[in-house]
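First to last, the protein sequences are chains A, B, C, D, E and F.
Note that the numbering used here numbers the first sequence so that position 51 is 509, with each residue one more than the last.
Note that the numbering used here numbers the second sequence so that position 109 is 470, with each residue one more than the last.
Note that the numbering used here numbers the third sequence so that position 35 is 610, with each residue one more than the last.
Note that the numbering used here numbers the fourth sequence so that position 6 is 46, with each residue one more than the last.
Note that the numbering used here numbers the fifth sequence so that position 151 is 240, with each residue one more than the last.
Note that the numbering used here numbers the sixth sequence so that position 369 is 795, with each residue one more than the last.
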Amino acid sequence: MAQILFYAFALFTLACAVGVVVNKNAVNAAMCLLLALVGVAGLFVQLDAYLLAFLLLLVYAGAVVALFLFIVMLLDTKDTASRGFRKVSTFASVFALGLLATGVSAFALRGRLTTPNPNLAAAVGTDLKHYAYQLFTTYLLPVQVIGFLLLIAMLGVIVLSKRWEGLDDIK
Amino acid sequence: MNLEVVKLAAADNQWGAIFPELMLACLALALLGLEIVLPKKLHVYIPDFALSGLVGTLAGLLFNFRPATLGHDTFNGLLHHSEPGQVMRAFFLLVAILVCVLARVSLAKQKMPRIEFYHLVLIVTGAMMLLAQSNHFVMLFVALETVTIGFYILVSYFRTSTASLEAGLKYLVMGALSSGMLLFGIALLYGVAGNPDLPAHTASAMNFNALAQFLAANPHHFLASTGIVLVLAGVAFKIGAFPFQIWVPDVYQGAPTPVTAFLAVGSKAAGFAVLLILARDVFASYAWLVMPVLTAMAAATIVFGNLAALTQHNVKRLIGLSGVSHAGFLLLGVVASATVPMAQGAIYFYLFAYLIASFAVFGVMTHVAGANDSDQDLDHYAGLAKESPFLAAVLAIGLGSLAGIPPLAGFMGKLFIFISAFQGGARWLLALAAAGVVISIYYYFGWIKAAFFEQWTPPADTADPRPARTPVSFVSGLTLGSLALASVLLGFYQGPLGQWLTMK
Amino acid sequence: MFDFFFQLHPVIQGLAKGLAVIMVIFPLAGACSLAERKVSAWMQGRPGPNRAIVPWIAWIPFLGVFLQKLGVFHLMSDGGKLLFKEEPVPGHVNKFYFILAPALAIMPAFTTVAVVPFGAYFDAAGAAIPLVLANVDIGLLAVFAVSSLGIYSLILAGWASNSKYPFLGSIRASAQLISYELAMTMSVIPVFLWINAPGQPGTMSLAKAVEFQSLPGFWGGSWFIVLMPISALIFLISLFAETNRHPFDMAESESDLVGGFHTEYGAFKWSLFFVAEYSHMIIGSGVFVLLFLGGWNPLPWVPLSTAAQLLGITGLPLVVGVLSIVIFLAKVVAMIFFFMWVRWTVPRFRYDQIMKLGWQKLLPLSIANLLFYAIAIAVIQK
Amino acid sequence: MTTATLNDYVLLSAVLFAIGFFGVLLRRNTLVIFMSLELMLVASTLALVAFSRFNGTMDGNVFVFFILTVAAAEVAVGLAIIVALFRKRHTVQVDELNTLKN
Amino acid sequence: MAVIPLERKPLTFAERTYLPQIASGLWTTFKHIFQPQVTLSYPEQRPAIPPGYRGVPTLVRDPNGREKCVSCQLCEFVCPPKAIRITPGEIPADQADRAHVEKAPQAFDIDMLRCIYCGLCQEVCPEEAIFLQNQYSLSGYTREEMVNHKDKLYELGGTLPDQHYKWDQKKTAAEHGNTH
Amino acid sequence: MSQLPFDPLLLSIAAPLALALAIALGLPKRWSVLLAYGAFAIPVLMALHVWFHFGDVAKDHGYAFLTRYSTGLDGLGIGLKLGLNGISLPLFVLAALVGLAAGLYAIQSGAERLKIYLMLLLIMQGGLMGVFASVDVFFFYFFHELALIPTFIMVGVWGGRDRSYAAMKLTIYLTLGAMVSLLGLIMLYVKSGAQTFDLIALRDHLAAHPLGATLQHNIAGLLLFGLGVLVSLWPLHTWAPLGYGAAPSSAAMLHAGVLKKFGLYGLIQIALPLLPDGLAHWSHPLAWLAVIGNILIVGLITIAQRDLKQMIGYSSVMHMGYAFLGIAAGGIIGPGGVVLLMVAHGLSVALLFLLATAIYHRTQTFAMDEMGGLAQKTPVLAAFFVAATLASIGLPGFANFWGELAIFVALWKFSPLITALAVAGVVISAVYGLRSAARVFFGPSTEALAKVTAARPPADLGWPEKIPALILLAALLFVGFWPKSLTGPINAALTPAAAAPARVVPSAPSL
C-alpha cells in the first residue's frame, strides 16, 4: 500500500515537474509547479513530516506559487510557440539529456545507500515540539538571521515597487 | 524532551560572542526607526549616523580583538570564532564603511530612497560576518542567503535604470541557481554523514567538525563527492570563479557603483572565507577531489578574466572582469593552502590589498560617474589628471595596486600568493598567473592612460559627452586619500599585520 | 457502536467520510444561503422568502405553513434551478481553467472539514474523545494550509474569464487573502502557546484547544475569548476577510466590479463558488468556536462533562456525543448569524483601507498581542 | 509507514533537481526559469526530509524551515525585480534583456 | 464672508477603534429584527394608491362613450422613448355624434416595454384623451402582450367625466353658423 | 662603522621618498623646489661619505654599513637589510650622481606641473638608491619596481612623440621582464630552502647546500630572460629606443643611466654567486645573442638613426651588449669590467641625454638632418657633446675605456671569435658617435634650423645646465683617470675570498 502510494506520488511529482519545464504557457507551468508541490507534500506525509508537508502547502503552494501566478497573469506574457525555449542545437540538447541520464544513473548505481531500518530510527519529524525546541535552542541564531532576511526582502520589495514621490527634497 | 536539556541548549547561545553583528543589526533597525521618528529635514544625517556606528563597531572590534570566545564554538557549534574570523569581521566592517562613503556620493545623483540602502548594507555586512565564522551548514546557508538576497536588492537598487534591474535579474537567476546547487550538495552531505550504516556516522551531520571526521573515515564515497562538488559550485558562484563567472560583467556594470564595489570586495571575500574553511578543514580528506577541481577552476578563471577584460571599454565591466582574474589569483592561494600554511595568511593579505585598491578605484569611479550609473566609459576619464589631479592620483595608485605593481600593497599580496603557490607545487598555474599579470597590466594601464595621457579637446559641435564630475567632499577626499596612502604604506611596511600573516 | 465502520477497508472508510462531508456541507451551504436571505430580510423589516411550498406539504397544518413562511423550499427550488439552468461559457474564456476554477474552490473548502472536530463524547475512562474525521496533530495548521489553496480558484477564475472586472476582482481578493493570513496565523499563536506548556508534547490540535477550555477553575474554564479578547478580535476580523465576507467582499464588490471574479460565471459553476464561500464560513466559524468559544462546552465555566453530569447522561456516550454536536452546531450557527448580522451593519471598505487595516493595524496589533501573551505566559509559568 | 527505500527518495530528488536545472538552462521566460529554480529547492528539501527520516536526526527537517523561508523571500524579491523590469522593457524573455552588452 | 473654523473634537481612543460604533450599529440592526415588518404581502395585500398616481397610460372616452382622441399625434411626437404609435384614420361620416371630429385613431399602440411613465403624453394631449391612471401592475408572457392596443387602452381607461365637451360645442357652433 | 649618528644608506633612500610624500600631500611649489635641491643632494653626500669610508669600516661577507629593519615579514625571511659591497658601492655612487644631475636638470627645465614631475623623479631616485643599497633580494626587486613606475608615468605625461604608445610598450615589456624575474627569484627563494630573501644568508646557505644543476639552469634561465628584458637584450630591446626617444630628459637620464643597470647588477650580485652553474650553462647563447643582436644588429640600426635621442637610446642598447658579454665571459675580470662599464655608461649616457635635450631646446627638433653648424653659436655645448660622445665610444681617458677593455680581456679567454666581433662593434659605435657630433655641430646650418634660430637665437649652455653636465663629465674623467678607485672594491667583492666569516650584524629594532 505505502509502496504504491510512494510510486504514485513520485510519478505524479515528476510528471508535474516535467510539466513545469516543457509547458509553453507560463500559467500552465505555474499550475504544474503547484501540483508538483502538492505531490512533494504528499511524499513528506509519507516521510512522517506532517508539519513540513503542511508548511510546504502553506508557504509554497499558498503564497509563493500564488505570487507566481499573479505575476504571470499580470504581465500577461505569451510565449510564442516557437520561442519558448532557448535556441539550443540538437547537439546541445542531446548532450544535456545524456548528462541527465548519466547523472541519474550514476546516482542510481553508485550512490546507493543502505536504507537504515526506518522503524529503528525514531520518526523524528512527527512531534511538533521537536521542531520548536530545535528552532529556539540550537538554531536560534539562524532564526534571528532569517528574521533579518525577511526584513530586508520586504524592504527591498518596497523599494523596488513603490512609487516614490517627493524624493527631491531629501538629499 | 527534558526541560533542563532545553535550558542548557538555550544557555549555549552566547550572544556576547556576536556583539559586532548585533551592533550592526541594532544599527540597521535604528536607521529605520530614525527615519520614522526624525523630521524630514534631519534625514540627511542618518547616513552619517550609520557611518559613525560602523566606525564605532570597527573600533570596538579592534579594541577587543581577542575576546574570550576566540577559539571556541558558540551557539551550539553553529559558529566558530577564530582569528581569521576576527580578521574577516574587521574586513567586512571596513568594506561596509567604505561602501557607505561611496554611497553618499553615488546616491546623491539618483532619485532613490536613501536610508534603505544603508540598512541593507548593514544587514548584509552582519550576515557576511556570520558567514565567515559559520561552522555549520545551516548557519552557512542562512547567512549566505541573507547576503545574496541583500545583494539582489542592492544590485537592482537603481530601479529607474534598466541596466540596474537587468543586472539584478541576472544576479538573481544565477544566484538562485548556485544556491540550489549548494543546497543539494548540503543535503547529500547531510544524508551521507548521518547514515547509521556508515562508519563514523554522526548525529550532527551538518556541523563542520563532525562532517570532517566523517569524511575522513569515508574517503571515497560517491554521494559525498557529489555533495562536495555541488557545494563548491555554490561557493564558486560567490567568488565568480570560471564556469560561474558569466554573471560578473553584466551585474558589475548594471549595479550601482557602491554595490559593485561591495560585490567585488565584500561578496568575494566572504566567498573566499567560506571556501578556505571548507576546502582546508572540512573537505580536507577529499583533497584528491577538491584540489584538482579548484586548480582547474583557478586556471580557467585567470585566463578568462584577463582575456575578457582586455577588450572592455566600460570601466565597470573592466573592473568586474579584472575582479574575476583576482578571484583566480586567490583561488591559486586556496589551492596552495592545502599544503602550505602560509597561504591562508597570503589570501587574507591579498584580500586586504584588494579591498584598499578596489575601493580607491571605485571611489574615483563614483566621482567620475554621471547620473547614468551603468554608463561609465574609459573615455570619460580623458583629461582627469589635468582637471582633478587628486582623483587621478588615487586612481593610478589603486589601479597600480590592482595590477600588482610594487611598491603598492597589491604587489605584496600577489607575491605572497605566488610564493605559497610555488611552495604548494602549483608551477604551471603559477606560470599562468604570471602571464595573467602581464596581460592585466595592459588593461589597467589602458585605464591610467585614459586618465593621464589623453589630451582632452572638447568637441566643438556637440556637448561634452563626459558626465559632470562630482566635486570631492571632505569625507570622501579623506577616505580616498587614506586608501591611496594605505595602498602605498602597506606595500612598504606590513608591520603587525604581516607578522600575523606570516606566523600562520 | 461504530466498530463495523472501523472494520471496513481504509479506502472505503475514506470514501465514506468524504461522501459524508459532501452530503453535509453542500446542504449546509445551501441552508446558509437561505439564512442569508432570511436574516437580511428580518433586519430590513421584510418577511423574506416565504412562498414556495410543495403542494402535499402545504396540506400539513401549521408545519406546512411554518415551513413555507421559513422559505425552506426556496432553498430547494434554488438548488434545482442552478442545477438545471443553462451553463453559459463565454467564447473568450480559457475553457480549461474556467471550468477548473469552481472545482478548485470547492476542494480545499471540503478538505479542511476533515480536521475540524465537531463534538466529543466520553469513553469509559471519562476522557473526552473528539469526534473528528482525522484527528491530526497539525490541526489548525492543516486548516490554514489547505484553505490557503483556495486562492487559486479566485486567481484562475479571474484570469480565465479573460475580462477586466473578474481579473481585478480576483487580484483584489487574492491579495486580500494573502494579507490577512498573516494576522490570522499570528493571532492564534497565543492560544497554542497557552496550550503547549513546556514539558508536554506539543500539538496544534483543535480538540486540545477545547480540552483546555474545559478545565476546572476560573482560568481553566474560561473560554479563550475571555482570556485573549484581542486575539479573538483579530481572528474574527481576519476571518471576515478570509471568507471574503462583508465588509471585506472586495472579490465581488458589485458596485465597482459588476460581480467580481465570478462575473462571467453562471448556473452551477457560479453556485459552486458560493458553496465554497459558505463552507469557508462554516469552517471558519467552527474554528473560531473551537478556539475561542469553548467548542462543545455549553457555557463558560460549565464544561460538557459537568453538563452531562447535571443532565445525568454521563453513561450514554451517544447522547453526550449528540449533545456536544448540537452545542457546537448551535454556536456555529450563531457565528454564521453574526456574519450576516455584520453584513447588514457595516459598510464595505475601500480597497486601500482593507490593505491598510490588514498590514498596518492588525498585523502589528497581532504581533504585539503575541509578545504580550508570550511574556505573560512566561511570567505565569515561571 | 515508509516502505520505500532511502535510495528511492534520493533518486527521486536527484531527478527532480535535474529537471529543475534543465528548466533553468533551457527556458527563456524568466518566470519559468524562476519556477524551475524553485523546483530545485524543493528537490533539496525532499532529499533533506528523506535523509532526516531515515537517519533519525532532526537537522534536516529543521533545515527545511529555513529553506522555505529563504525561498519565499527570494521569490518575493525576484518577482519584484521582474515586474519592475517588465515595466521598463515589456518583456520577460532572457534573450531580449540585453541592455548590458559591451 | 466670514469663515468660521469649526472646532472638531478629536476622536477618543474608543472612537478611533470604531468598535463602539460598530457595536451600536450591530445593536441597531439587531433591534430591527424584532420590529414589525413594513412590507406588504403584495398579491394578497394591495397598496393604497394615492391620488395623482401615475400609472399605465390609457385612453379615455367622454361621458357619452365617445372616443376622445383625434389622432393629432402630439403624444407620439412628444413621447421620449417613442412608445406610442398612432395610425390616424378618417371618421366615417355615418357617425353622427362625431360628425365634427375629423379624425380618430385607426390604431393606437403603446409599447409598455418602452414607456417610462413620464406623463408627457397626458400633458400634451389637447383633447384630454390620454391619462396616466392608477394601473400599476402590468404583466404578460410575451413581448407582444406588453403592447397595449387601442381596445386594451380604452378598456383600461374607461370613461372620465368631461366638462368641456369641446366637440359638442364646436358642433353647436357650426350649427349656429360657425360664429364665435 | 661610519661616524654618522644615522644610517647613511637609509637616509639616502628615505630623503627623496619623504619629500615625494610631502609633495603628494600638498607641499607648496616653492618649498618643493627648494627642498628638492636638498633631497637630491643628500644621496650624493651620503654616497661620497660611504665611498670615502668604505675601506676602513668593518665588513661582513664584503658588505659594509649593514643594518636590518623589520617590516613585519620576518616570518617569510623578508626584511629591509641595507648594506654595500664592492659591486654595489660604485653603482650606489653612480645613482646618487646621476640622480643629482637629473634632478638639477629637471628643476631648471621648468617643466609643466613641475611639482609632480619632481615628485616622480624623487620616487625614482629613492628607489634607485634602494636598489643598490639593499642586501635583501626582495627589497632589491621591490625598489627597482618602485623606481620603474614613475618612468611609465613620466613617459606618458611629459614624453615627446608617440608617448602614449611608448609608455604602453615600455610598461608591458618591463612588467613582463619583472614578472619573469620575480618568478625566478621566488623559485630561488623556495627551492634554496633557506626561507629567506637575505642575500648573505642565501649565499651561506647555498654554499653549504648548492642547488641541483637542472634547477640552476631553470632559475638562471628565468632570471636571464626576465632581467634581459629589463636590460634590453636583443631581440626584446625595442622598448628601449622608443621609450628613451619619448621620455623626458631627466627620466631618460635616470632610467638609461642607472635603472637599466638593475638587470646586470642583479645578474652579477645574485645569479653569479648563487647560480654559477646556471649562468655558465647559458653563457654561450647569451654571448652570441649579445654580440650578434645587441652589438652588431643594433649597432647598424643605430647608424641608420636620424633622430638624436633615438640614436642615443639605440647606442645604449648596443652598449648593454658589452655588458652581457662581460657577464657571459665570467671570472673576475669580466663582471668587474661590467660593473665599471655600467658606471661609465651610466654617466655618459645620462650626459648624452642631457645634452640632447639641451640641443633640442635650441633647435626645437631631434632630427639630426635638420641641424648643423651649432658649434659656432654654442661652443660650450659642442665641447660637452663631443666629450660625451668620445666617452661613449670608449676613448681612453674616459671611464668607458677601462670597462670595455676589461671585458675584452675577459672575453678573449672565453671566445676569440666573439671578441673580434665585439671589437668590430666599437668601430660601429665610433661611426655613429662621431657622425652624429659632426652632423649636429659642424657643417653648414640647415634652413629649418636657420628659421628656428632666427626666431630665437640659441644661447650657449648656461650654468643651470652646465652644472649637471659638469658633474657627470667630471665623474667620467675621474674614473677614467683613476679607475683604481673603483676596481679595488669591485675586485675585492668578486674574489671568492670575499665570503669572509660572518660577523654579528647590528640591526635597528624596527622601522
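Note that beta-carbon positions come from the ideal geometry of N, C-alpha and C, so glycine has one too.
From a predicted model like this one, the values you see are computed outputs, not experimental measurements.
Leaving out five residues before and five after residue i in sequence, what residues of the same chain have Cβ atoms less than 8 Å from its Cβ?
i, result
"F:G619", "H631 and H635"
"A:F526", "A488 and L491"
"F:D795", "R732, R865 and T872"
Return the Cβ separation of residue i and residue j in integer angstroms, given the expectation that the two are a contact with Cβ distance under 8 Å.
i, j, result
"B:P610", "B:L682", "6 Å"
"B:W608", "B:M535", "4 Å"
"F:V657", "F:G689", "4 Å"
"F:Y599", "F:L662", "7 Å"
Does residue i come out as helix, strand or coil in the three-state DSSP assignment?
i, result
"F:R882", "coil"
"E:K98", "coil"
"A:S540", "Here the model assigns A:S540 a pLDDT of 45, short of 50, so the residue's position is not dependable, and the following value carries that caveat. In the structure shown, A:S540 sits in a helix (DSSP, three-state: H, G or I)."
"E:A262", "helix"
"B:H441", "strand"
What residue range does the alpha helix (DSSP H) around residue i cover?
i, result
"F:I598", "R589 to S618"
"E:I138", "Premise fails: E:I138 is in no alpha helix (DSSP H) and is neither H nor E."
"F:D630", "L625 to A634"
"C:G964", "This structure cannot speak to residue 964 of chain C, because chain C is shown only from 576 to 957."
"F:Y786", "I759 to T789"
"F:G798", "Here F:G798 belongs to no alpha helix (DSSP H), and DSSP marks it neither H nor E."
"B:F723", "M703 to V729"
Beta carbon of residue i, beta carbon of residue j: below 9 Å?
i, j, result
"B:G627", "B:V516", "no"
"B:G446", "B:A493", "yes"
"F:G529", "F:A465", "yes"
"F:M594", "B:K747", "no"
"B:V643", "B:F569", "yes"
"F:A672", "F:R539", "no"
Residues in the same chain with beta-carbon distance under 7 Å from residue i, minus the five sequence neighbours each way, listed in chain order, please.
i, result
"C:G733", "P741, F742, G744, S745, I746 and F836"
"B:Y803", "L671"
"E:Q184", "none"
With a threshold of 6 Å on Cβ separation, who are the neighbours of residue i within its own chain once the five nearest residues in sequence on each side are excluded?
i, result
"B:V592", "L543 and G546"
Assuming residue i is part of the beta strand (DSSP E), what are its boundary residues?
i, result
"F:T493", "Y489 to Y495"
Is the CB of residue i under 9 Å away from at least one CB in chain H?
i, result
"A:V485", "Here chain H cannot be found, since the structure's protein chains are A, B, C, D, E and F."
Is any heavy atom of the ligand FAD found at a distance shorter than 8 Å from the C-beta of residue i?
i, result
"F:G829", "Absent from the structure shown: the ligand FAD. Ligands present: none."
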